[in-house]
Amino acid sequence: MEPKQPDSWTWWKHGVIYHIYPRSFFDSNGDGIGDIRGIISKLDYISDLGVDGIWLSPVFLSPNADFGYDVSDYRSIDPCYGTMDDFNLLIEKAHEHSLSVILDMILNHTSTEHPWFQESASSRFNSKRHWYIWRDGYNGGPPNNWKSSVGGSAWELDERSGQYYYHSFFKEQPDLNWRNPMLPQVFFDELKFWLDKGVDGFRLDVINLIVKDKKFRDNPYLFGLPFFQKHVFTRNRRKSLKIVMEIRKQIDQYKDRVLVGEIYTMPPGNSEIAASYLADGKGIHMAFDFSLIFRSWSARNYYKCIRDWYTNIPEQGWPCNVLSNHDLFRSIDRFPWRRNKEEKARVAAALLLTIKGTPFIYYGEEIGMRNTKIGYSDIKDPLGKRFRPFFTGRDKARTPMQWNSGMHGGFTTGQPWLPVNSDSVTRNVEDYKVDQSSLLNFYKNLINIRKENTALQQGRWVALITGRNGILAYARILNDERIVVVLNFTARKKKISLPEHSFGNVLFSTHRNAEDIFYFQALRIYPFEVSIYKA
Ligand code: GLC
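Under this note's numbering, residue 535 is the last one in the sequence shown; the count climbs by one each step, no gaps.
Next comes the structure, spelled out in structure tokens:
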């Protein structure tokens, strides 16, 4: 798809977005928890990386049963992250750095401590009763067989009223009732509060879960994990899309704001469902599909996944791409085998930054942060607490950013809330900055190449070698501009030929000198080579 008008190329389409888990980014006051002032003090680093926006995992007031994904007031900042003044300052300073700010907005559920829920639970006749999903039990048990995404029944009995409330996740996170016509307006007001402050958009948490079956029909049985149930009546109901489209209309009243939705699906992901939430330009602007994350390492697998993604994206839609986030293992540790992890991380980063769509980088990915081993008693993630020792949770990918080789990786002067990876002694921002061959500089150079070559931001994606022999090659084409990307997913040398293109000069390469010209008819490819040519 060629761009229609140049001015439709807003920041979120051409830019790169950096995902910050605020608790672990930088601690400015020594309490061991990252905070907003900490983020402000690192804006130079973030903008030096070349990114265009930041997405913050939730910073709203929360009892932290699920670390901010259980909000008790959408209009205040949790004191552990700072104050509203700090937040206002962040917006101001981020904008001065030409960085947009995206907030994480949780529409599916609140905390049980939210005053809305407190009122709702206070009596069957309270005016907010139907803001949440309340039902009578059935045959002395819960209303139906719906399971929570974190295991067990999704219904919790409230002794006071004798009714059950529904929770897609933990019982501390009751689901809102989006079938109640009051709800959209209530939330538009919450969104407006932040939009008026200058926030540039929202990441909508589990947006495909917000509506449940009107008739409360049982979900069908499904053999296997997780939890032996197919979420037919609790996810992707048609009305969720309608609500998303209403939210979009509201957002469109503001200039240049963006909605990116998390489309929650189980492995292997589902790009068709994710793309459906784009509603051909009338739904969310971008949707997270995790298919690429769930694929095992091979050029062919990645090719198929990207092809399917683009096939499903509607004409007026726009893709975004991601390798990791706060719910998953660190991407570098998902790549198989102990050997060549760093080389694979480079191939994956090159792919992320050169395929079509907005790249999201999870903090620390740019220095190749690994999963951190968390002692049994140090587990903080409620999922880890529930399922240890079988699953120790998501903490391992949420550990503090490694800023330098000093104490606690330079993250805090206090006791960090999660341990810092011991490899911070060698793997850290300060050392990587000066090492020209570091992964950090690899990311920076690639982001820069992407900025300087419009075809890499806007161009069509045309596959040239579709994974055969471990090679993925593609072109990004915009008018007369052609960029060819060649990636070797293997540790072996290869030979390729690209008959569609005769030659190109090197824009960026792990093995070749910039500006050198190569003929594509018989090109030798080095192990894990990444090369980008102007063709
Ligand atoms: C999303 C968040 C995750 C959270 C869950 C429930 O998947 O990314 O961290 O636990 O929603 O809010």
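All C-beta atoms in this analysis are idealised placements derived from N, C-alpha and C, irrespective of residue type, glycine included.
Bear in mind the structure is a predicted one, so any value in this text is a computation, not a measurement.
Kindly identify the DSSP beta-bridge partner or partners of residue i.
{"i": "K147", "result": "S153"}
{"i": "G261", "result": "L204 and A287"}
{"i": "F60", "result": "I77"}
{"i": "P359", "result": "N321"}
{"i": "V486", "result": "A473 and S531"}
{"i": "Y221", "result": "Q229"}
{"i": "M182", "result": "Per DSSP, none; premise fails for M182."}
{"i": "E481", "result": "L478"}
{"i": "I17", "result": "G53 and F360"}
{"i": "M401", "result": "In DSSP, M401 forms no bridge with anything."}
{"i": "L523", "result": "I496"}
{"i": "M105", "result": "L204"}
{"i": "T460", "result": "It is worth fixing the name first, because residue 460 is Arg in this sequence and not Thr. In the DSSP output, where bridge partners are listed per residue, R460 has I477."}
{"i": "W134", "result": "Y165"}
{"i": "L176", "result": "Y132"}
{"i": "V506", "result": "Y533"}
Does the Cβ of residue i lie closer than 7 Å to at least one heavy atom of the ligand GLC?
{"i": "D327", "result": "yes"}
{"i": "F223", "result": "no"}
{"i": "V206", "result": "yes"}
{"i": "F169", "result": "yes"}
{"i": "D289", "result": "no"}
{"i": "D537", "result": "Coverage of the chain is limited to positions 1 through 535, which leaves residue 537 absent and any answer about it impossible."}
{"i": "E262", "result": "yes"}
{"i": "I293", "result": "no"}
{"i": "I379", "result": "no"}
{"i": "Y69", "result": "yes"}
{"i": "I106", "result": "yes"}
Any heavy atom of the ligand FAD closer than 7 Å to the Cβ of residue i?
{"i": "D175", "result": "Here the bound small molecules are the ligand GLC; the ligand FAD is not part of this structure."}
If we call anything under 8 Å between Cβ atoms a contact, is residue i one with residue j?
{"i": "D78", "j": "V51", "result": "no"}
{"i": "N312", "j": "A491", "result": "no"}
{"i": "G470", "j": "R427", "result": "no"}
{"i": "I532", "j": "F508", "result": "yes"}
{"i": "D136", "j": "Q173", "result": "no"}
{"i": "D226", "j": "M266", "result": "Correcting the residue type first, residue 226 is Pro in the shown sequence and not Asp. A contact, by the Cβ cut-off of 8 Å."}
{"i": "A287", "j": "L323", "result": "no"}
{"i": "R334", "j": "E262", "result": "no"}
{"i": "F26", "j": "S41", "result": "yes"}
{"i": "Y302", "j": "L351", "result": "yes"}
{"i": "L183", "j": "R257", "result": "no"}
{"i": "L56", "j": "P22", "result": "yes"}
{"i": "I355", "j": "I306", "result": "yes"}
{"i": "K493", "j": "P527", "result": "yes"}
{"i": "G281", "j": "Q316", "result": "yes"}
{"i": "F125", "j": "V150", "result": "no"}
{"i": "L259", "j": "T234", "result": "no"}
{"i": "I17", "j": "G68", "result": "no"}
{"i": "H114", "j": "D73", "result": "yes"}
{"i": "D35", "j": "G82", "result": "yes"}
{"i": "N522", "j": "R482", "result": "A quick correction: the sequence has Ala, not Asn, at residue 522. Result no, Cβ atoms of A522 and R482 do not sit closer than 8 Å."}
{"i": "G410", "j": "G32", "result": "no"}
{"i": "V486", "j": "I525", "result": "yes"}
{"i": "Y443", "j": "L99", "result": "no"}
{"i": "D289", "j": "A279", "result": "no"}
{"i": "D86", "j": "R160", "result": "no"}
{"i": "K239", "j": "V211", "result": "yes"}
{"i": "A565", "j": "I465", "result": "Given a span of 1 to 535 for the chain in the structure shown, any question on residue 565 remains unanswerable."}
{"i": "G30", "j": "T412", "result": "yes"}
{"i": "H511", "j": "E529", "result": "yes"}
{"i": "E518", "j": "L498", "result": "Checking the sequence, you will find Phe at residue 518 rather than Glu. No, they are not a contact pair."}
{"i": "H109", "j": "S153", "result": "no"}
{"i": "Q457", "j": "R450", "result": "yes"}
Taking 8 Å as the CB-CB limit, is residue i close to chain C?
{"i": "I447", "result": "Of the protein chains in the structure, only one exists, and it is not chain C."}
Problem set entry | Touching by the beta-carbon criterion (3+ pairs, under 8 Å), the stretch 344-364 and the stretch 377-394 | With a cut-off of 8 Å, the stretch 377-394 and the stretch 344-364 do not count as touching, because too few Cβ pairs lie within range.
Exercise. Can at least three beta-carbon pairs, one atom from the stretch 242-254 and one from the stretch 185-197, be found at a separation below 8 Å?
Worked result: At 8 Å Cβ cutoff, the stretches touch.
Exercise. With a cut-off of 8 Å, do at least 3 Cβ pairs link the stretch 122-139 to the stretch 173-182?
Worked result: yes
Exercise. Counting pairs of Cβ atoms below 8 Å between the stretch 322-329 and the stretch 289-296, do you hit three or more?
Worked result: yes
Exercise. Does the stretch 198-207 touch the stretch 93-112, meaning 3 or more C-beta pairs lie closer than 8 Å?
Worked result: Short answer: they touch.
Problem set entry | Contact the stretch 296-303 vs the stretch 270-286: 3+ CB pairs below 8 Å | no
Exercise. Can we say the stretch 406-419 touches the stretch 371-388, given the rule of at least three CB pairs closer than 8 Å?
Worked result: Pairwise C-beta distances place the stretch 406-419 in contact with the stretch 371-388, as three or more of them are shorter than 8 Å.
Exercise. Is there contact between the stretch 62-76 and the stretch 424-438, where contact requires at least three CB pairs shorter than 8 Å?
Worked result: no
Exercise. Which runs of the alpha helix (DSSP H), 4 residues or longer, sit entirely within the stretch 363-431?
Worked result: Within the stretch 363-431, the runs of alpha helix (DSSP H) that reach at least 4 residues and sit entirely inside it are, in chain order, 382-387.
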